[in-house]
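Report on the structure given below.
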Amino acid sequence: RKEVEQDPGPFNVPEGATVAFNCTYSNSASQSFFWYRQDCRKEPKLLMSVYSSGNEDGRFTAQLNRASQYISLLIRDSKLSDSATYLCAVGAYNDMRFGAGTRLTVKP
Amino acid sequence: ETGVTQTPRHLVMGMTNKKSLKCEQHLGHNAMYWYKQSAKKPLELMFVYNFKEQTENNSVPSRFSPECPNSSHLFLHLHTLQPEDSALYLCASSHGRRNTEAFFGQGTRLTVV
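Protein chains in written order, with my numbering: chain A, 77 to 184; chain B, 11 to 123.
Below, the structure written as structure tokens:
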């Protein structure tokens with residue numbers, strides 16, 4: 077079983093659509109959770125942290141379910157500029173593991 | 011000045027060459043990481059250094075040799091690589107004591123010929 081698993085994708089959606097990504101993790105000792113965005117041939121960049129209480133940043137909402145060991149990312153009113161690969165990251169004591177990433181393409 | 015800087019950005023090397031990748035962070039972090047990203051594969055954690063001590067070696071072949079002389083610098087020494095080692099090598103750093111996010115350098119795109 078992979079340590080961090082994500083939706084296989086790719087997701088192709090029209091502008092304005094709402095899209096959701098899920099990610100499951102196997103290490104119950106995990107303590108930190110993040111979503112990263114990676115553009116083509118660039119390094120991953122932090123999109124947002126994920127907290128147990130859930131958190132929202134504009135059109136982006138992240139949630140954590142510790143009992144079921146999954147995190148989610150919801151993007152509302154998607155823009156062309158949201159096209160990228162989204163990586164979930166799960167950390168335990170400086171050992172941060174990433175999912176394979178889900179490719180999102182937003183089309184006009 | 012970017013937080014995490016990697017050099018070189020691109021590297022082509024033969025299988026008998028020896029080269030080194032360099033990473034420098036200006037964020038005051040104490041943990042540094044090497045990741046490998048191959049096409050259509052997840053980021054693979056290779057090595058972790060925490061306060062200059064190697065705390066993780068993720069079953070990486072000995073042809074990859076890390077070095078961390080201080081908390082701000084991290085090297086990856088390469089020798090007798092194979093074509094399948096061609097990938098994007100990413101350095102990252104994080105705070106070290108707290109479970110905070112990792113910040114990445116721009117990566118070195120390595121091609122082994």
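No residue lacks a Cβ here, since even glycine has one placed at the ideal position from N, Cα and C.
Point to revise | Straight-line gap, B:Leu84 to B:Glu63 (C-alpha atoms, nearest Å) | key: Stepping through the second sequence from its first residue, residue 84 of chain B is reached at position 74. Stepping through the second sequence from its first residue, residue 63 of chain B is reached at position 53. Each residue's Cα considered, the two are about 11 Å apart.
Check your understanding: Taking 8 Å as the CB-CB cut-off, is B:Gln35 touching chain A?
Key -> Position 25 of the second sequence, counted from the start, is the residue given in the question as residue 35 of chain B. So, not an interface residue.
Review point. Is B:Leu91 closer than 8 Å to B:Met42 when the C-beta atoms are compared?
Key: The sequence position of residue 42 of chain B within the second sequence is 32, counting from 1. The sequence position of residue 91 of chain B within the second sequence is 81, counting from 1. Cβ distance not < 8 Å, so B:Met42 and B:Leu91 don't count as in contact.
Review point. Listing by chain order, which chain A residues have their CB less than 7 Å from the CB of B:Ala112?
Key: Here residue 112 of chain B refers to the residue found at position 102 when the second sequence is read from its first residue. Ordered by position in chain A, the residues that pass the 7 Å Cβ test against B:Ala112 are Met172.
Review point. Taking only beta-carbon atoms, is A:Leu140 less than 8 Å away from chain B?
Key: Residue numbering aside, residue 140 of chain A sits at position 64 when the first sequence is read from its first letter. No, A:Leu140 does not count as interfacial toward chain B.
Review point. Smallest Cα separation from B:Leu55: which of B:Val70, B:Ala49 and B:Phe61?
Key: Here residue 55 of chain B corresponds to residue number 45 of the second sequence, with the count starting at 1. Among B:Val70, B:Ala49 and B:Phe61, the Cα nearest to that of B:Leu55 is on B:Val70.
Review point. When the Cα of B:Tyr99 is compared with those of B:Val122, B:Thr118, B:Gly13 and B:Val14, which residue comes out closest?
Key: Reading the second sequence from its first residue, position 89 is the one you call residue 99 of chain B. Ranking the options by Cα distance to B:Tyr99, first place goes to B:Thr118.
Review point. In angstroms, rounded to a whole number, what distance separates the CA positions of A:Arg113 and B:Leu37?
Key: Looking up residue 113 of chain A in the first sequence gives position 37. Looking up residue 37 of chain B in the second sequence gives position 27. Distance between the alpha carbons of A:Arg113 and B:Leu37 is about 20 Å.
Check your understanding: Of all Cβ atoms in chain A, is any one closer than 8 Å to the Cβ of B:Glu66?
Key -> The count along the second sequence starts at 1 and reaches residue 66 of chain B at position 56. Chain A, which has a Cβ nearer than 8 Å to the Cβ of B:Glu66, makes this yes.
Review point. What three-state label does DSSP hand A:Asp133 in the structure shown?
Key: The residue you call residue 133 of chain A lines up with position 57 of the first sequence. Strand, per DSSP.
Review point. Can you find at least 3 beta carbon pairs, one from the region 77–97 of chain A and one from the region 144–159 of chain A, that sit closer than 8 Å?
Key: yes
Exercise for review: Have a look at the DSSP bridge pairing and note the partners of B:Cys33.
Suggested key: The residue given as residue 33 of chain B occupies position 23 in the second sequence. Its beta-bridge partners are B:Gln16 and B:Leu84.
Practice item. Excluding the 5 residues preceding and the 5 following B:Pro93 in the sequence, name in chain order all residues of the same chain whose CB lies nearer than 6 Å to its CB. Key: One-based indexing of the second sequence puts residue 93 of chain B at position 83. Answer for B:Pro93: Val122, listed in chain order.
Point to revise | Enclosing beta strand (DSSP E) for A:Leu163 [first to last residue] | key: One-based indexing of the first sequence puts residue 163 of chain A at position 87. Run containing A:Leu163: Ala160 to Ala168, per the beta strand (DSSP E) assignment.
Check your understanding: Between the C-alpha atoms of B:Gly106 and B:Lys32, what's the straight-line distance to the nearest angstrom?
Key -> Sequence index remark: in the second sequence, residue 106 of chain B carries index 96 (1-based). Sequence index remark: in the second sequence, residue 32 of chain B carries index 22 (1-based). Taking the straight line from one Cα to the other gives about 20 Å.
Practice item. Please confirm if A:Leu156 has its CB atom under 8 Å from at least one CB of chain B. Key: Mapped onto the first sequence, residue 156 of chain A falls at position 80. A:Leu156 does not count as touching chain B.
Review point. If you draw a straight line from the C-alpha of B:Ser30 to the C-alpha of A:Glu91, how long is it?
Key: Translated into positions along the second sequence, residue 30 of chain B becomes position 20. Translated into positions along the first sequence, residue 91 of chain A becomes position 15. Cα-Cα distance, rounded: 44 Å.
**Study point:** Residue-level contact to chain A via CB, B:Lys46, 8 Å cutoff
**Key:** As a position in the second sequence, residue 46 of chain B is number 36, starting the count at 1. Not closer than 8 Å to any Cβ of chain A, the Cβ of B:Lys46 fails to qualify, so no.
Review point. Alpha carbon to alpha carbon, how far is B:Ala49 from B:Ala97?
Key: In the second sequence, the residue the question calls residue 49 of chain B occupies position 39. In the second sequence, the residue the question calls residue 97 of chain B occupies position 87. Approximately 7 Å between the Cα atoms of the pair.
Point to revise | Option nearest B:Cys4 by Cα separation, candidates B:Asp95, B:Phe57, B:Val22 and B:Thr110 | key: For chain B, the structure presents residues 11 to 123; residue 4 of chain B sits outside this window and is missing.
Review point. Smallest Cα separation from B:Asn40: which of B:Ser103, B:Phe114 and B:Gln116?
Key: Taking the first residue of the second sequence as 1, we reach residue 40 of chain B at position 30. Closest option to B:Asn40, Cα to Cα, is B:Ser103.
Point to revise | 8 Å Cβ cutoff, A:Glu132 in contact with chain B | key: As a position in the first sequence, residue 132 of chain A is number 56, starting the count at 1. With 8 Å as the cut-off, A:Glu132 does not count as an interface residue toward chain B.
**Study point:** For A:Ser144, three-class secondary structure by DSSP
**Key:** For the purposes of this step, residue 144 of chain A is taken as residue 68 along the first sequence, with counting starting at 1. Looking at A:Ser144 - three-state DSSP - the assignment turns out to be coil, as it is neither helix nor strand.
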